[in-house]
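Structure, as structure tokens:
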Amino acid sequence: MKPVICDLFKIKYPIIQAGMIWCSGWKLASAVSNAGGLGLIGSGSMYPEVLREHIQKCKQATNKPFGVNVPRRYPNIEEHIKVIIEEGVKIVFTSAGNPKTWTQHLKQQGITVVHVVSNVKFALKCQEAAVDAIVAEGFEAGGHNGREETTTLVLLPMVKKAIQIPLIAAGGIGSGFAMAAAFALGADGVQIGSLFAATEESSAHQNFKETIIKANEGDTQLTLKHLTPVRLIKNKFFKEIDNAEKRGASSEELQHLLGRARAKKGMFEGDLEEGELEIGQICCAIKQIKPAAQIVEELIKEFKETCKYISQISL
Numbered sequence: 012m013k014p015v016i017c018d019l020f021k022i023k024y025p026i027i028q029a030g031m032i033w034c035s036g037w038k039l040a041s042a043v044s045n046a047g048g049l050g051l052i053g054s055g056s057m058y059p060e061v062l063r064e065h066i067q068k069c070k071q072a073t074n075k076p077f078g079v080n081v082p083r084r085y086p087n088i089e090e091h092i093k094v095i096i097e098e099g100v101k102i103v104f105t106s107a108g109n110p111k112t113w114t115q116h117l118k119q120q121g122i123t124v125v126h127v128v129s130n131v132k133f134a135l136k137c138q139e140a141a142v143d144a145i146v147a148e149g150f151e152a153g154g155h156n157g158r159e160e161t162t163t164l165v166l167l168p169m170v171k172k173a174i175q176i177p178l179i180a181a182g183g184i185g186s187g188f189a190m191a192a193a194f195a196l197g198a199d200g201v202q203i204g205s206l207f208a209a210t211e212e213s214s215a216h217q218n219f220k221e222t223i224i225k226a227n228e229g230d231t232q233l234t235l236k237h238l239t240p241v242r243l244i245k246n247k248f249f250k251e252i253d254n255a256e257k258r259g260a261s262s263e264e265l266q267h268l269l270g271r272a273r274a275k276k277g278m279f280e281g282d283l284e285e286g287e288l289e290i291g292q293i294c295c296a297i298k299q300i301k302p303a304a305q306i307v308e309e310l311i312k313e314f315k316e317t318c319k320y321i322s323q324i325s326l
């Protein structure tokens with residue numbers, strides 16, 4: 012049986028590359044799409060005209076479907092939506108904020124809309140907003156995350172039970188074995204970030220990629236829970252934030268400490284001490300920088316091996 016996500020996006024494999032800021036440019040998105048998955052351009056780190064350039068280059072690099080990830084809190088979201096529509100992008104993933112704000116407008120333009128959530132409450136709101144699919148992202152995920160700290164293993168079956176639309180799993184998925192586990196829990200597809208952040212085509216700085224593959228268990232932690240929760244690699248900047256939170260710093264003080272362009276400084280410019288290094292827990296299992304196509308190939312091979320193994324188990 013072909014996964015419903017493959018039909019929805021018109022892709023070969025039910026693998027979506029997350030639209031990560033500073034990592035997901037046109038090179039990565041087109042590489043994943045050419046390999047049979049769904050590549051996403053991460054618009055959160057782009058000015059509108061930069062986004063237009065990435066979309067146009069992606070269209071030149073692949074004739075397969077690709078999409079754009081749009082964080083709802085981005086200040087230029089109206090301009091981004093305008094660019095997306097003008098450039099004829101047919102798939103949009105949104106995150107943060109109310110899914111009702113843009114879903115109908117996008118769907119009226121013939122665009123497939125997916126929204127990212129971290130709990131059942133917002134999954135139901137997405138269904139009410141008539142999104143085409145939902146990404147349920149567990150606590151293990153990199154970048155911005157849910158305050159509930161619900162793990163993927165717990166979140167997926169709860170969301171699956173609550174909704175009637177396609178479900179995409181995210182958070183801690185870095186192998187075909189984990190992909191098979193997500194399907195066993197009710198997922199129709201998987202969204203993967205950290206594994207693709209460390210690929211050759213990722214637009215992340217080489218310093219950041221090298222830090223990812225050197226990371227060990229416990230090297231990341233969810234922080235800024237009273238502002239906007241985000242999972243970071245522990246470095247000098249993280250320790251400053253952590254110490255401020257422990258002494259009860261106000262949201263205003265934390266925002267000032269966060270400053271501007273910390274994520275760019277860390278992930279795009281390679282400042283491993285003063286920069287914000289967003290990555291998932293699964294980074295401790297990533298030990299090599301590979302081409303995106305090889306990642307997709309290995310995911311599918313491991314997924315098939317796991318499904319075969321499970322089918323042979325007799326209780």
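In the numbering used here, the protein residues as written are 12 to 326.
Just so you know, even glycine gets a beta-carbon here, dropped at the ideal spot from N, CA and C.
Which residues in the same chain as S129 place their Cβ atom closer than 6 angstroms to its Cβ, once the five residues preceding and following it in sequence are excluded? E148, G157
Is it buried or exposed for I324, if we count other Cβ within 10 angstroms and need 16 for buried? exposed
Thinking C-beta only, is I300 closer than 8 angstroms to I224? yes
Relative to the C-alpha of F248, which residue among G270, T112, V127 is closest? G270
Looking only at DSSP bridge pairs, what is I27 linked to? L49, Q202
Would the beta-carbon of I327 fall within 8 angstroms of that of V125? Because the chain in this structure spans residues 12 to 326, residue 327 falls outside the shown range and cannot be described.
If you draw a straight line from the alpha carbon of C34 to that of S214, how long is it in whole angstroms? 5 angstroms
Please list, in chain order, all residues of the same chain as K276 whose beta carbon is under 8 angstroms from its beta carbon, the five residues on each side excluded. D282, E285, G286, E287
May I have the straight-line CA-CA distance separating L39 from F207, to the nearest angstrom? 8 angstroms
Residues of its chain near S186, where Cβ-Cβ distance is below 6 angstroms and the 5 sequence neighbours each way are ignored: E313
Among L164, E160, V170, which one has its Cα closest to the Cα of K136? V170
By alpha-carbon positions, which one of V241, E263, T234, R273 ends up nearest to N254? T234
From the DSSP output, which residues share a beta bridge with G78? L51
Have a look at the DSSP bridge pairing and note the partners of A180. A147, V201
How would you label V61, buried or exposed, when you count the other beta carbons within 10 angstroms and need 16 or more for buried? exposed
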